[in-house]
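A quick write-up on the structure given underneath.
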Amino acid sequence: MNKIPCNLIEDLLPLYIEDDVSTETKEIIETHLDECENCNSLLQEYSKEEIEIGSFEDTLPNPNTFKQLIKRLKKWSIAVMAIVLITFIAIGTIGYKIGENSKNKLLTSKSIVKTFKDQGIILSKDNSPIDDEDYIGGIKPTVYSVDNTSDKLLIYIFDSFVIRQNLVDKDIKNDYIPSLKSISYKANNSFLVYKPSKIPEAEDEINSLLKTLNLIDDTVFKYLNDGKTLNFTGESENWEGTFKVKYYENWFEDENGVSHYDSYSTTYPSLKYKKSDINSIGEFTFEYNAGSQKGSSNGATLNNEGYAEPLGISGGTGLPLRNTDQINFTVKWNDKEENFTLKSEN
Numbered sequence: 265m266n267k268i269p270c271n272l273i274e275d276l277l278p279l280y281i282e283d284d285v286s287t288e289t290k291e292i293i294e295t296h297l298d299e300c301e302n303c304n305s306l307l308q309e310y311s312k313e314e315i316e317i318g319s320f321e322d323t324l325p326n327p328n329t330f331k332q333l334i335k336r337l338k339k340w341s342i343a344v345m346a347i348v349l350i351t352f353i354a355i356g357t358i359g360y361k362i363g364e365n366s367k368n369k370l371l372t373s374k375s376i377v378k379t380f381k382d383q384g385i386i387l388s389k390d391n392s393p394i395d396d397e398d399y400i401g402g403i404k405p406t407v408y409s410v411d412n413t414s415d416k417l418l419i420y421i422f423d424s425f426v427i428r429q430n431l432v433d434k435d436i437k438n439d440y441i442p443s444l445k446s447i448s449y450k451a452n453n454s455f456l457v458y459k460p461s462k463i464p465e466a467e468d469e470i471n472s473l474l475k476t477l478n479l480i481d482d483t484v485f486k487y488l489n490d491g492k493t494l495n496f497t498g499e500s501e502n503w504e505g506t507f508k509v510k511y512y513e514n515w516f517e518d519e520n521g522v523s524h525y526d527s528y529s530t531t532y533p534s535l536k537y538k539k540s541d542i543n544s545i546g547e548f549t550f551e552y553n554a555g556s557q558k559g560s561s562n563g564a565t566l567n568n569e570g571y572a573e574p575l576g577i578s579g580g581t582g583l584p585l586r587n588t589d590q591i592n593f594t595v596k597w598n599d600k601e602e603n604f605t606l607k608s609e610n
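So the numbering used here is basically just the index in the sequence shown, starting at one, shifted up by 264.
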């Protein structure tokens with residue numbers, strides 16, 4: 265294993281002090297600390313201070329965000345929002361360096377086309393002129409038609425993960441924020457942009473777009489980013505909860521032999537009332553604590569099936585949850601409170 269750079273260890277020390285890291289990560293940190301005097305000194309300095317780990321509140325984006333984009337699709341705004349949310353699993357990346365088993369196999373347009381074909385998506389080369397705005401850092405994309413339609417998939421191939429990361433994050437800025445006009449995906453040394461030929465209007469057009477986007481997202485997540493899913497479950501007397509984590513994490517070695525860490529995870533909490541007197545519940549409070557992640561929903565209500573809504577969906581970079589982690593749920597309703605723990609099924 266390569267020596268782990270100090271800058272990564274420094275970023276992990278606050279979580280290490282709070283014991284909010286997995287067993288594997290803890291072992292890596294402690295091995296480094298045994299050999300590094302500087303990081304050991306920093307640990308002692310941090311330990312003397314009262315460090316608060318920043319948490320974030322999970323909030324579900326408001327469908328109104330997309331009203332201007334889909335004025336004629338008000339009935340379907342929540343469905344469209346779900347399309348956009350799901351793409352974030354393939355978007356965020358971080359560039360930490362870490363001594364781990366690096367993956368040097370680069371993606372090519374040919375390998376991506378084959379992967380899509382294996383998953384039932386046929387990409388056909390499109391030789392139409394490319395707009396100047398579609399160049400990224402001077403890199404010209406290869407354009408494909410999707411399933412013999414007018415929809416386009418732009419595939420950018422960079423010489424390495426690091427070059428892709430630097431050029432894409434620097435050059436595109438907000439040009440490819442997910443919308444119904446263009447939805448982007450990052451995977452290793454590639455960058456993909458899906459461009460529907462038109463904004464859907466009719467119900468069958470929306471369903472068709474949903475099907476295509478789900479299939480593209482699933483292909484990029486599972487097969488280009490080697491994505492994985494963890495399912496946590498648990499229950500109390502009156503409530504049962506689930507917590508799904510979709511994540512990927514990969515390591516890439518650059519030309520200098522330094523490994524770079526790339527990750528993203530999205531979490532989906534779910535809560536259901538087990539009893540039949542659903543109408544007696546009214547508004548209630550839901551909280552969860554998953555390591556360094558914390559989420560809450562005040563004023564939540566139950567739908568007709570007994571599920572709490574709305575609950576927050578969150579995504580971000582960093583170390584994802586492990587199957588050895590546990591998630592603590594707290595529910596407060598009608599002057600009652602129940603606490604229970606979710607454990608991984610994987």
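Think of the CB as a built atom: it goes at the ideal place given N, C-alpha and C, for glycine as much as any other residue.
Model, not experiment: these values are computed from the prediction.
Exercise. Could you give the distance in angstroms between the alpha-carbon of Glu569 and the alpha-carbon of Glu547?
Worked result: Numbered from its first residue, the sequence shown carries residue 569 at position 305. Numbered from its first residue, the sequence shown carries residue 547 at position 283. If you take the alpha carbons of Glu569 and Glu547, they lie about 15 Å apart.
Problem set entry | Helix, strand or coil at Val484 [DSSP, three-state] | For the purposes of this step, residue 484 is taken as residue 220 along the sequence shown, with counting starting at 1. DSSP places Val484 in helix when its eight states are reduced to three.
Exercise. If we ignore side chains and look at the alpha-carbon of each, how far apart do Ser527 and Gly491 end up?
Worked result: What you label residue 527 is simply residue 263 of the sequence shown in a count that begins at 1. What you label residue 491 is simply residue 227 of the sequence shown in a count that begins at 1. Spanning the two alpha carbons is a distance of roughly 10 Å.
Exercise. How big is the Cα-Cα spacing for Asp482 and Lys607?
Worked result: Taking the first residue of the sequence shown as position 1, residue 482 is located at position 218. Taking the first residue of the sequence shown as position 1, residue 607 is located at position 343. So the alpha carbons of these two residues sit roughly 25 Å apart.
Exercise. Hey, which unbroken runs of the alpha helix (DSSP H) at 4 residues or more fall wholly within the segment 455-516?
Worked result: 467-483
Exercise. Whose C-alpha, out of Ile403, Thr413, Asp411, is nearest the C-alpha of Val432?
Worked result: Here residue 432 corresponds to residue number 168 of the sequence shown, with the count starting at 1. Ranking Ile403, Thr413, Asp411 by Cα distance to Val432 puts Ile403 first.
For this session: Note down, in chain order, each residue of its chain lying with its Cβ closer than 6 Å to the Cβ of Ser414, except the 5 sequence neighbours on either side.
Result: The residue you call residue 414 lines up with position 150 of the sequence shown. If we look at Ser414 and ignore the five residues flanking it on each side, its Cβ neighbours are Ser461.
Problem set entry | Proximity winner among Asp518, Glu465, Asn478, relative to Ile447 (alpha-carbon distances) | One-based indexing of the sequence shown puts residue 447 at position 183. Selected option, being the one with the closest Cα: Asn478.
Problem set entry | Spatial neighbours of Asn598 in its chain, beta-carbon cut-off 8 Å, leaving aside the 5 residues before and after | Here residue 598 is taken as the residue at index 334 of the sequence shown, counted from 1. Excluding positions up to five away in sequence, the list reads Ser544, Ile545, Gly546, Phe548.
Problem set entry | Beta-carbon proximity list for Asn489, same chain, < 6 Å, skipping 5 on both sides | Indexing the sequence shown from 1 puts residue 489 at position 225. The answer, listed in chain order, is Ala451, Tyr512.
Exercise. Are there three or more Cβ pairs, one per stretch, closer than 8 Å when the segment 388-398 is compared with the segment 465-473?
Worked result: no
For this session: With DSSP collapsed to three states, give me the class of Asn302.
Result: Mapped onto the sequence shown, residue 302 falls at position 38. Helix at Asn302.
Exercise. With 16 other CB atoms within 10 Å as the buried threshold, where does Ser454 fall?
Worked result: Along the sequence shown, one-based indexing puts residue 454 at 190. Flag for Ser454 reads buried.
Exercise. If we ignore side chains and look at the alpha-carbon of each, how far apart do Asn365 and Phe425 end up?
Worked result: Sequence index remark: in the sequence shown, residue 365 carries index 101 (1-based). Sequence index remark: in the sequence shown, residue 425 carries index 161 (1-based). Residue placement at Asn365 cannot be trusted, given a pLDDT of 37 that sits under 50; what the coordinates show is reported in the next sentence. Cα to Cα, Asn365 sits roughly 15 Å from Phe425.
Exercise. Between Val410 and Thr581, what straight-line distance do the alpha-carbon atoms span, to the nearest angstrom?
Worked result: Walking along the sequence shown from the start, residue 410 turns up at place 146. Walking along the sequence shown from the start, residue 581 turns up at place 317. Val410 and Thr581: Cα-Cα distance of roughly 30 Å.
For this session: Verify whether the separation of the beta carbon atoms of Lys459 and Glu504 is less than 9 Å.
Result: On the sequence shown, residue 459 is found 195 positions in, with the first residue counted as 1. On the sequence shown, residue 504 is found 240 positions in, with the first residue counted as 1. In this structure, Glu504 does not lie closer than 9 Å to Lys459 by Cβ.
Exercise. Taking DSSP as the reference, what is the three-state secondary structure of Ile273?
Worked result: Within the sequence shown, numbered from 1, the residue matching residue 273 stands at position 9. In the structure shown, Ile273 sits in a helix (DSSP, three-state: H, G or I).
For this session: May I ask you to report which of helix, strand or coil DSSP gives Tyr399?
Result: Numbered from 1 along the sequence shown, position 135 holds the residue referred to as residue 399. Of the three classes helix, strand and coil, the one that applies to Tyr399 here is coil, per DSSP.
Problem set entry | Three-way DSSP call (helix, strand, coil) for Ile281 in this model | As a first step, residue 281 is located in the sequence shown; it is residue number 17 there, counting from the start. Correct three-state label for Ile281: helix.
For this session: Let me know the secondary structure DSSP gives Phe422 once reduced to three states.
Result: Against the sequence shown, residue 422 aligns to sequence position 158. For Phe422, the three-state secondary structure derived from DSSP is coil.
Problem set entry | N- and C-terminal bounds of the beta strand (DSSP E) containing Ser608 | Position 344 of the sequence shown, counted from the first residue, corresponds to residue 608. Its beta strand (DSSP E) spans residues 600-608.
Exercise. Whose C-beta lies closer than 6 Å to the C-beta of Lys381 among residues of the same chain, with five residues either side of it excluded?
Worked result: Stepping through the sequence shown from its first residue, residue 381 is reached at position 117. None.
For this session: Below 8 Å on the Cβ atoms is my guess for Ile427 versus Leu371; work out the distance and round it to an integer in Å.
Result: Residue 427 sits at position 163 when you count from the first residue of the sequence shown. Residue 371 sits at position 107 when you count from the first residue of the sequence shown. Ile427 to Leu371, Cβ: 13 Å. No contact.
Exercise. What residue from Gln557, Tyr532, Ala564 has the CA that sits closest to Ile542's CA?
Worked result: Within the sequence shown, numbered from 1, the residue matching residue 542 stands at position 278. When each option's Cα is compared against that of Ile542, the closest is Ala564.
For this session: With DSSP as the reference, label Leu585 as helix, strand or coil.
Result: Position 321 of the sequence shown, counting from 1, holds the residue named residue 585. In this structure, Leu585 counts as coil in the three-state DSSP scheme.
Problem set entry | Span of the beta strand (DSSP E), counted from its first residue to its last, around Ile447 | Residue 447 sits at position 183 when you count from the first residue of the sequence shown. Per DSSP, Ile447 belongs to the beta strand (DSSP E) from 447-451.
For this session: Provide the residue span of the beta strand (DSSP E) that contains Asp382, from first to last.
Result: Position 118 of the sequence shown, counting from 1, holds the residue named residue 382. Segment 373-382 is the alpha helix (DSSP H) holding Asp382; no beta strand (DSSP E) there.
For this session: Please work out which residues of its chain come closer than 8 Å, Cβ to Cβ, to Leu297, disregarding the five sequence neighbours upstream and downstream, and give them in chain order.
Result: Locating residue 297 in the sequence shown gives position 33, counting from the first residue. The beta carbon of Leu297 sits closer than 8 Å to those of Ile273, Cys303, Asn304, Leu307, all from its chain and outside the five residues before and after it, given in chain order.
Exercise. Which residue's Cα is closest to the Cα of Phe496: Gly559, Ser556, Thr605, Glu294?
Worked result: Locating residue 496 in the sequence shown gives position 232, counting from the first residue. Ranking Gly559, Ser556, Thr605, Glu294 by Cα distance to Phe496 puts Thr605 first.
Exercise. Short check: CB of Ala554 to CB of Ser561, under 9 Å?
Worked result: The sequence position of residue 554 within the sequence shown is 290, counting from 1. The sequence position of residue 561 within the sequence shown is 297, counting from 1. Not closer than 9 Å, so no.
For this session: Determine, using beta carbons only, whether Phe507 and Tyr532 come nearer to each other than 9 Å.
Result: Locating residue 507 in the sequence shown gives position 243, where the first residue counts as 1. Locating residue 532 in the sequence shown gives position 268, where the first residue counts as 1. A contact, by the Cβ cut-off of 9 Å.
For this session: Name the residue from Tyr408, Ile400, Gln383 whose alpha carbon lies nearest to the alpha carbon of Ser373.
Result: Locating residue 373 in the sequence shown gives position 109, counting from the first residue. Among Tyr408, Ile400, Gln383, the Cα nearest to that of Ser373 belongs to Tyr408.
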